[in-house]
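Counting from 402, one number per residue, gives the positions in the sequence shown under this note's numbering. Quick notes on the structure that follows.
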Amino acid sequence: SSVCALPAPGRRSGPNATSSRAFFGHKASNAGPRKVQWPTLLAVSSIFHTAFPNTKTEEFSPVSGQPRPMRQHPHTHHGTLPCLAPTAINSTLSLLNGSESSRLYAASRKRPSKCIRCAVVGNGGILNGSRQGLNIDAHDYVFRLNGAVIKGFEKDVGTKTSFYGFTVNTMKNSLISYWNFGFTSVPQGQDLHYIFIPSDIRDYVMLRSAILGVDVPEGPDKGDRPQTYFGPEASARKFKLLHPDFISYLRERFLKSKLINTNFGDLYMPSTGALMLLTALHTCDQVSAYGFITSNYWKFSDHYFERIKKPLIFYVNHDLSLEATLWKKLHKAGILRLYQR
């Protein structure tokens with residue numbers, strides 16, 4: 402992998418920061434003798450789900466990349482949700498058998514030789530007044546998530562969206578909670594792709610309905626018309642589905658929280674932003690993170706689009722402190738460019 406030449410958004414990023422692929426896979430030429438103990442990224446072969454797994458479920462070793470027996474159900478984040486209906490899962494995955502569904506950059510048959518630069522835009526209040534819009538849009542690909550309000554904040558967050566990541570729960574909650582702030586619809590566009598995070602059976606059911614262009618037939622979203630969320634184009638090429646094994650790998654190797662061993666362990670999972678950021682780190686050469694939690698988070702509102710400052714709330718289903726520590730370490734190591742101010 403080559404090293405990208407892009408002005409760093411973080412105050413401590415250097416001009417010769419290694420690409421995430423180069424750093425995690427093999428020691429980059431400009432990385433020097435420094436040794437940082439992070440799991441190997443290039444060993445992970447199943448980021449997006451395209452086929453129903455074998456009866457023997459597997460996860461990837463962070464060192465060798467060889468699969469080994471997995472202790473958790475492959476269709477849950479933490480092995481505590483009820484077993485999901487095989488019929489619903491099978492019927493959904495059968496629609497994602499195309500090669501495009503297994504690759505992030507499906508628009509091109511051959512991966513571009515140039516360095517792939519990605520921006521992952523969280524919704525943190527640090528972006529309000531940041532004037533980072535042009536820097537964000539200068540990246541090859543831009544990830545957004547949940548309540549990604551753009552109108553009225555173009556100078557701060559940009560306008561470009563390549564991938565929108567969500568669970569059905571976070572998407573619908575965002576439309577309800579942030580409607581008055583301007584999040585009145587999910588981002589849509591001809592070249593935009595949607596990344597489903599499979600946290601529940603409803604994600605599979607919604608995805609299947611979206612691809613087939615039919616109303617949701619069952620569950621809590623029964624009667625929903627996916628076209629109202631994702632637009633009229635219903636082909637499978639618009640959608641990606643994170644592999645449950647990949648999510649388990651991220652949870653176990655990068656964000657293994659102490660919350661797992663508490664009464665709230667069954668609720669814990671990495672935040673949507675964390676999953677999108679780590680997905681980008683596994684697929685892009687250089688990753689810049691905007692709107693993510695920093696050590697001085699208390700200076701800013703919870704979200705950039707709020708008119709009155711609201712403090713960040715630490716819910717028990719995420720470990721934002723652990724995520725903040727991870728982003729700081731990755732930034733310091735030159736793996737990630739974290740916007741700070």
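Don't be surprised by glycine CBs; every beta carbon is placed ideally from N, CA and C.
V569 sits away from V522, with the two beta carbons spaced by 8 Å or more.
Under the DSSP assignment, R545 falls in the beta strand (DSSP E) whose first and last residues are Y542 to L546. Look at A675 here: in three-state DSSP terms it is helix.
DSSP places V717 in the coil class of the three-state scheme, outside both helix and strand. Within the region 538–623, the alpha helix (DSSP H) runs of at least 4 residues that lie entirely inside it are, in chain order, 555–558, 569–578 and 602–613. For L642, the uninterrupted beta strand (DSSP E) segment begins and ends at F640 to L642. Taking all protein chains shown into account, G614 has fewer than 16 neighbouring C-beta atoms within 10 Å of its C-beta and is therefore exposed.
For A690, the enclosing beta strand (DSSP E) stretches over residues Q687 to Y691.
Residue range R518 to V522 is occupied by the beta strand (DSSP E) that includes R518. Look at G525 here: in three-state DSSP terms it is strand.
For a cut-off of 8 Å, the C-beta gap from P633 to S610 is around 14 Å, too long to register as a contact. Taking C-alpha positions only, V688 is separated from L496 by approximately 30 Å. A direct Cα-to-Cα measurement between F582 and E707 gives close to 7 Å.
In terms of Cβ geometry, S649 and H719 do not form a close pair [threshold 8 Å]. Exposed is the label assigned to R532, since fewer than 16 other Cβ atoms lie within 10 Å of its Cβ. Under the three-state reduction of DSSP output, L739 falls in the strand class. With a beta-carbon spacing of about 21 Å, F597 and V550 fall beyond the 8 Å limit used to define contacts. By a beta-carbon distance limit of 8 Å, N529 contacts Y705. Their separation comes to about 4 Å.
Straight-line measurement puts the Cα of P599 at about 11 Å from the Cα of D646. Per the coordinates, the alpha-carbon of F564 lies some 23 Å from the alpha-carbon of T695. With contacts defined by Cβ atoms closer than 8 Å, F693 and G674 form a contacting pair. Taking the C-beta atoms as reference points, S722 is found no nearer than 8 Å to G526. Of the candidates E555, F544 and C516, the residue whose Cα lies closest to the Cα of G534 is E555. Here Y605 really is in contact with A489; their C-beta atoms are around 5 Å apart, less than 8 Å. By alpha-carbon distance to S636, the top candidate from K623, L593 and R652 is L593. Cβ contact annotation for S575 (same chain, cutoff 7 Å, sequence separation greater than five): N547, G548 and F584, in chain order.
Following the DSSP letters along the chain, one finds R654 inside the alpha helix (DSSP H) bounded by residues P645 to R654.
By the beta-carbon neighbour count (other beta carbons within 10 angstroms, threshold 16), I517 is buried. K561 is positioned such that its CB atom lies closer than 8 Å to that of I537. L682 and C519 have their C-alpha atoms spaced approximately 9 Å apart. A direct Cα-Cα distance of roughly 9 Å separates T680 from L651. Between L608 and F567, the C-beta spacing is not below 8 Å.
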